[in-house]
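Colleague: Chains as they are written, first to last, in my numbering: chain U, 907 to 1222; chain L, 987 to 1174.
Idealized CB from N, CA, C, for every residue including glycine.
Note that the coordinates shown come from a computational prediction; the quantities given were computed from them, not determined experimentally.
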């Protein structure tokens, strides 16, 4: 196939799959939370309730697209689009299978880290532009959470980079042919998993939008499709965290040959997504200072320890 | 008491936190295999207790006459004042309601009217599906409330038990009733 057509096809298909998959994830999460709480969850619209996403979409599109008169109008409108943009952009570097993937950057891992760091600006802009006290508290928390979690998120990945000797995600996957990095980098996996949940603002790290304390946190003032952008953005970033963990620790598309590589990648990613939903369904949200203390006093030293041990073992 | 601040103790605290979280995860995940408590209502009727209090009806006695004697006790017992009625009397001397109206948009289904009723006329049923598109449709008149049967007390007939004299039964002829006392007589 013509390389241009091939890459265009890749871009369009992956974008569609990611956005559609994230929308389907809202249904999946509600179903699973229902099952784990001895309920059924949405099971009315369509087969097993899968068309619930269509119903939700129609509802959100029908809603009044309201900008509060006291809001900073431009920033208020740009923020949700930005939230969606950064997570989708980060998906560009994720190699899904040989020949499937949008770009093959030499610094793919750094690009990913940069894009996830930018994600917090969407939250902060949205919170600031809302001119609402709940939103401001949510934005404040998001910023502080980002500062404390971004640090060891990067550090936890350095062990993987040291083992593989590259920032290129495709080469990182190929470096795991002899064994997935989950074995030697179990601590790194644990830390990155936590940081991934914190990055996508999900329970137990959903303090920026803690609905029991801050109504809806940073998106209190948002409604209609602008709210949906934040919402879908969150689910895309869940998918992204799961895909990234798959690539970095579970050998990406590598697996026995009775399944195609892409199927292995999707299988691993979906399993991790299920684990994230399970965590959301079971663990309580920590208090704000506990979250910060956990980040700085436990996770950061642990990731440094992991780095030192990995480096020492490589030198030996 | 000596305060424990050693590294081992702190490690134990951290481990304890993680251990309890892992136990939580496993327990929640085990609920994948438990049955849902949901009753899928429109398809599946929920269990209704025998004394469930739903839509109010007016019953008839075994002879097919209306039990209600329009005594107004239900209306005065009603905490939301949703019952209104007017007494009338037929040629045989029986009292009955000229109109009997229950506004179900106000009714709280407390059942006090049923408790107050001296003739078992007003009763609450198991029907709770009263939804309407129009608020006015929730005002039930006597013809909507009356049912053909005797309801919860199939053999009870008030006018055969006691009460005022009606044609066919003189005062004192009821089964639960003593002969009237002649207060002007000195006989025992």
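Please report the residue range of the alpha helix (DSSP H) in which residue 1050/U lies.
Modeller: 1039–1070 is the extent of the alpha helix (DSSP H) around residue 1050/U.
Colleague: Thinking C-alpha only, which one of 992/U, 1150/U, 1037/U is nearest residue 1026/U?
Modeller: Per the Cα distances, 992/U.
Colleague: When DSSP builds the beta bridges, which residues end up paired with residue 1196/U?
Modeller: DSSP output for residue 1196/U lists no bridge partner at all.
Colleague: Please return the same chain residues whose Cβ sits closer than 7 Å to the Cβ of residue 1073/U, not counting the five positions on each side in sequence.
Modeller: So the list reads 1012, 1013, 1014, 1015, 1016, 1067, once near-sequence residues are dropped.
Colleague: I'd like the list of long-range same chain contacts for residue 1027/L, defined as Cβ closer than 6 Å, with 5 residues on each side in sequence excluded.
Modeller: Correct list: empty, nothing qualifies.
Colleague: Short of 6 Å in beta carbon distance, which residues of its chain neighbour residue 1105/L, apart from the five on each side in sequence? Order them along the chain.
Modeller: 1053, 1055, 1144.
Colleague: Take the Cβ of residue 1047/L as the centre, count every other Cβ of all protein chains shown within 10 Å, and call the residue buried at 16 or more, exposed below.
Modeller: Answer is buried; the Cβ neighbour count reaches 16.
Colleague: So that I know if they touch, is there some Cβ in chain U lying closer than 8 Å to that of residue 993/L?
Modeller: No - not a single Cβ of chain U is within 8 Å of the one on residue 993/L.
Colleague: Check whether chain L comes within 8 Å of residue 1201/U, counting only Cβ atoms and requiring the distance to be less than that.
Modeller: No - not a single Cβ of chain L is within 8 Å of the one on residue 1201/U.
Colleague: What number of angstroms, rounded off, separates the C-alpha of residue 1200/U from the C-alpha of residue 1111/U?
Modeller: Cα to Cα, residue 1200/U sits roughly 11 Å from residue 1111/U.
Colleague: Residues in the segment 920–945 of chain U with C-beta within 9 Å of chain L's C-beta atoms, listed in sequence order?
Modeller: If the cut-off is 9 Å between Cβ atoms, the segment 920–945 of chain U has 938, 940, 941, 942, 943, 944, 945 near chain L.
Colleague: Are the beta-carbon atoms belonging to residue 1148/L and residue 1099/L less than 8 Å from one another?
Modeller: Result no, Cβ atoms of residue 1148/L and residue 1099/L do not sit closer than 8 Å.
Colleague: Please report whether the beta-carbon of residue 1147/U lies at a distance below 8 Å from any beta-carbon of chain L.
Modeller: It does not; no Cβ of chain L falls within 8 Å.
Colleague: Would you list the one or two residues that DSSP bridges to residue 1206/L?
Modeller: Lying before the first or after the last residue shown, residue 1206/L is absent from chain L, which here runs from 987 to 1174.
Colleague: Within the chosen definition, does the segment 993–1002 of chain U reach the segment 919–931 of chain U through at least 3 CB pairs nearer than 8 Å?
Modeller: Yes: the two stretches touch, three or more of their Cβ pairs being nearer than 8 Å.
Colleague: Apart from the five residues just before and just after residue 1160/L, which ones in its own chain have a Cβ nearer than 8 Å to its Cβ?
Modeller: Around residue 1160/L: 1145, 1146, 1147, 1148, 1149.
Colleague: Residue 1042/L by DSSP, collapsed to three states: which one?
Modeller: DSSP places residue 1042/L in strand when its eight states are reduced to three.
Colleague: With burial defined as no fewer than 16 other Cβ atoms inside 10 Å of the residue's Cβ, what is the status of residue 1169/U: buried or exposed?
Modeller: Burial call: exposed.
Colleague: Could you have a look at residue 928/U and say whether DSSP puts it in helix, strand or coil?
Modeller: Three-state DSSP puts residue 928/U in a helix.
Colleague: Rank 1171/L, 1077/L, 1091/L by C-alpha distance to the C-alpha of residue 1153/L and give the top, closest one.
Modeller: Looking at the Cα atoms, 1077/L is the closest of the given residues.
Colleague: Is it a yes or a no for the segment 943–951 of chain U touching the segment 1090–1105 of chain U, going by three-plus beta-carbon pairs under 8 Å?
Modeller: Segments in contact, no.
Colleague: Check the Cβ of residue 1011/L against every Cβ in chain U and list those closer than 8 Å, keeping chain order.
Modeller: Result: 1184, 1185, 1188, 1189.
Colleague: Helix, strand or coil, according to DSSP, for residue 1159/U in the structure here?
Modeller: Residue state, collapsed to three classes: coil.
Colleague: Distance cutoff 8 Å, beta carbons only. Does residue 1023/L sit that close to anything in chain U?
Modeller: So yes, residue 1023/L belongs to the interface.
Colleague: For residue 1020/L, does the count of other Cβ atoms within 10 angstroms reach 16, so buried, or fall short, so exposed?
Modeller: It is exposed - the Cβ of residue 1020/L has fewer than 16 other Cβ atoms within 10 Å.
Colleague: Check each residue of the segment 1014–1047 of chain L: if its Cβ is closer than 7 Å to any Cβ of chain U, include it; give the result in chain order.
Modeller: Listed by position along the chain: 1014, 1015, 1017, 1018, 1020, 1022, 1023, 1024.
Colleague: If you measure from the beta carbon of residue 1099/U to each beta carbon in chain L, is any gap under 8 Å?
Modeller: No, residue 1099/U lies away from the interface with chain L (no Cβ there is under 8 Å from its Cβ).
Colleague: For residue 1178/U and residue 1152/U, I'd like the C-alpha separation in whole angstroms.
Modeller: For residue 1178/U and residue 1152/U, the distance between alpha carbons rounds to 8 Å.
Colleague: Could you check whether residue 1117/U and residue 1125/U sit closer than 8 Å to each other, using their CB atoms as the reference points?
Modeller: In this structure, residue 1117/U does not lie closer than 8 Å to residue 1125/U by Cβ.
Colleague: Among the residues of its own chain, which have a CB less than 8 Å from the CB of residue 973/U, if the five just before and after it don't count?
Modeller: If we look at residue 973/U and ignore the five residues flanking it on each side, its Cβ neighbours are 979, 982, 983.
Colleague: What span of residues does the alpha helix (DSSP H) with residue 1131/L cover, start to end?
Modeller: Residues 1128–1131.
Colleague: Let me make sure I understand the geometry here. Which of 1042/L, 1112/L, 1073/L has the alpha-carbon closest to that of residue 1093/L?
Modeller: That would be 1042/L, whose Cα lies nearest to the Cα of residue 1093/L.
Colleague: Please identify the residue among 1063/U, 1109/U, 1047/U, 1196/U whose C-alpha is closest to the C-alpha of residue 1091/U.
Modeller: Residue 1091/U has its Cα closest to that of 1063/U, out of 1063/U, 1109/U, 1047/U, 1196/U.
Colleague: Between the alpha carbons of residue 1142/L and residue 1126/L, how many angstroms are there, rounded?
Modeller: Their backbone Cα atoms lie some 25 Å apart in a straight line.
Colleague: When you measure from the CB of residue 1086/U to every non-hydrogen atom of the ligand NAP, does any distance come out below 7 Å?
Modeller: Among the components modelled here there is no ligand, and therefore nothing to report on the ligand NAP.
Colleague: Only counting the same chain, and skipping five residues up and downstream in sequence, which positions put a Cβ closer than 8 Å to that of residue 1077/U?
Modeller: So the list reads 1070, once near-sequence residues are dropped.
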